[in-house]
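Just so it is clear: in the sequence shown, position 202 is 202 by the numbering used here, and no numbers are missing. For glycine and all other residues, C-beta sits at the position ideal for the given N, C-alpha and C.
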Amino acid sequence: MKKIIFLLSTAAILASCSSTKKIDTVSKAMDNVEKINELKFPKVNAIQIAQDVAFLASDDLKGRDTGSEGIEKAAAYLSERFQEMGIASYKGAYLDNFDAKGKKAFNVVAMIPGSDKALKDEVVVIGAHYDHIGILQAVAGDSIANGANDNATGTASVLALAANFQEIDFNRRTVVFALFSAEEKGLLGSKHLANRMKEEGENVVAMLNFEMTGTPMVNRPYIAYLTGHDGSNMAAVFNDANINRVVTGKLDQAAKFNLFKRSDNYPFFEAFNVPSQTFSTFDFTNFDHYHKVGDDTTQVNTDHMAQLVNAVMPGVFSVVNGKKLKLTPATNE
């Protein structure tokens, strides 16, 4: 398994270290790196992203409505993907079962335990919803709301980040990868998991959510925007961690339509009162198929998705390895 390459001759040092000493050595090297962008990260596999989106948005899954046979197939696929990556299930099971207004539902949850004695009990949740709205009235003979951009793209982005962390094999804090069902029913999956983690005494310090990341933004100097942009220092942390471009910005429409409270970040904010925000590239001008049968794979740019994951990876790595995110008063913009 590949390790991340540090530009301070750390790789040479690691070659002669035991497994335990590797963690200690990398940790000390990180403390001496002034900027996180001095680290080299694995590049995302755009082909795998395309394959994940294609499966989840296929007609065979019939729009992944909660309680349907299609979403059961999606959950099985996602569980298998985590298994293939060698990422363990969350507390003994990938499926986190709950009732969604009388329908059987399940989040898919995996976990990489933290390595640092002081930080391993702090949890960073990285999530996206994988459900959609199922079957609609037919348009030109097509009745399946495939949900490619909403939200097979966010789900595939989380899988790509999970693969990166498994390859890097270095995370001081524990990382929980949560793929939610019943978002379209009122954020029910994320509410269930956030409340469960709260009841079980988990110390969640941040929640990073990915929603509708399949289309590039139009005439923006940043690659994605954050809901609740002014509610924390998350945007600044992510931008400081990336030397090549401004990663995150503020979208006025996100505040206008109160998007901070309309995705799976919000239940974690309510439960833990920590920075919990959504990354998105849907800017109200670049996608015309929201909750329509036209939301299929032809509308998704997987090269853009790979670029997005590559861009946010330094910021995610920084947060996972100890960077503190802080709330500010304006948590709903």
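How many angstroms separate the CA atom of E84 from the CA atom of V158?
15 Å
Contacts around T153, its chain only, beta-carbon distance under 7 Å, and the 5 residues preceding and following it disregarded
V53, M212, T213, G214, V300 and M305
Using alpha carbons as the reference points, say which of V205, S68 and N244 lies closest to S232.
V205
With a threshold of 8 Å on Cβ separation, who are the neighbours of K328 within its own chain once the five nearest residues in sequence on each side are excluded?
It is worth fixing the name first, because residue 328 is Thr in this sequence and not Lys. Counting only Cβ-Cβ distances below 8 Å, and skipping sequence neighbours, we find D230, G231, S232 and N233.
Whole-number beta carbon distance between D264 and L187, since they are thought to touch under 8 Å
6 Å
N- and C-terminal bounds of the beta strand (DSSP E) containing H337
Because the chain in this structure spans residues 1 to 333, residue 337 falls outside the shown range and cannot be described.
So is V124 in contact with chain B if we call contact Cβ pairs under 8 Å?
Absent from the structure: chain B. Only one protein chain is present.
Residue span of the alpha helix (DSSP H) that contains F82, given as start and end
E69 to M85
Which one of F170, I223 and G134 has the shortest CA to CA distance from D60?
G134
Closest by C-alpha distance to F282, when choosing among K292, E270, L251 and P267:
Per the C-alpha coordinates, the member of K292, E270, L251 and P267 positioned closest to F282 is L251.
Please classify N321: is it buried, with 16 or more other beta-carbons within 10 angstroms of its beta-carbon, or exposed?
buried
Nonlocal neighbours in the same chain, by C-beta distance under 6 Å from K28, ignoring five residues either side:
Only weak support exists for where K28 lies, its pLDDT of 46 falling under 50; the coordinates are left without a value.
Is the distance from the Cβ of N149 to the Cβ of F287 below 8 Å?
Between N149 and F287, the C-beta gap is smaller than 8 Å, which places the two residues in contact.
Opening and closing residue of the beta strand (DSSP E) in which D99 lies:
L95 to A100
According to DSSP, simplified to helix, strand and coil, what is V124?
strand
Mapping DSSP to helix, strand and coil, what is H132?
Assigned with DSSP and collapsed to three states, H132 falls in strand.
For A88, which residues of its own chain have a beta-carbon under 7 Å away from its beta-carbon, when the five flanking residues on both sides are left out?
A110 and M111
Roughly how many angstroms separate the alpha carbons of E69 and L78, rounded to a whole number?
14 Å
Using alpha carbons as the reference points, say which of K117, T66, N45 and E122 lies closest to M197.
Here the closest residue by C-alpha is E122.
Identify every run of the beta strand (DSSP E) within the stretch 208 to 243, keeping only runs that are complete inside it and at least 3 residues long; order them along the chain.
The stretch 208 to 243 contains these whole beta strand (DSSP E) runs: 222 to 226.
Buried or exposed: where does Q253 fall if 16 or more other Cβ atoms within 10 Å of its Cβ makes it buried?
exposed
According to DSSP, is D169 helix, strand or coil?
coil
State the beta-bridge partners of N203 as determined by DSSP.
BP columns for N203 point to E122.
Nearest to A271 by CA position, among A118, F98, E200 and F170, is which residue?
E200
Can you grab the Cα-Cα spacing for the pair A46 / L179, in whole Å?
Going by C-alpha positions, A46 is about 20 Å away from L179.
Under the three-state DSSP convention, the category S89 falls into
strand
What residue from Y90, Q137 and N107 has the CA that sits closest to K292's CA?
Q137
G334, DSSP secondary structure in three states:
This structure cannot settle anything about residue 334, because the visible part of the chain is limited to 1 through 333.
Going by beta carbon distance, what residues of the same chain come within less than 8 Å of K120, once the five residues before and after it are set aside?
P113, G114, R172, R173 and T174
Using CA atoms only, rank isn't needed, just tell me which of N310, V124 and D295 is closest to S58.
Comparing Cα positions, the closest option is D295.
Whose C-alpha, out of P314, S280 and T227, is nearest the C-alpha of N151?
S280
Range covered by the beta strand (DSSP E) that runs through D252
Unbroken run through D252 is the alpha helix (DSSP H), D252 to K256; no beta strand (DSSP E).
Restricting to Cα atoms, I'd like to know which of S143, L259 and F210 is closest to M313.
F210
Would you mind sorting R81 into buried or exposed? The rule is 16 or more other CB atoms within 10 Å of its CB.
buried
How many angstroms separate the CA atom of K185 from the CA atom of P267?
14 Å
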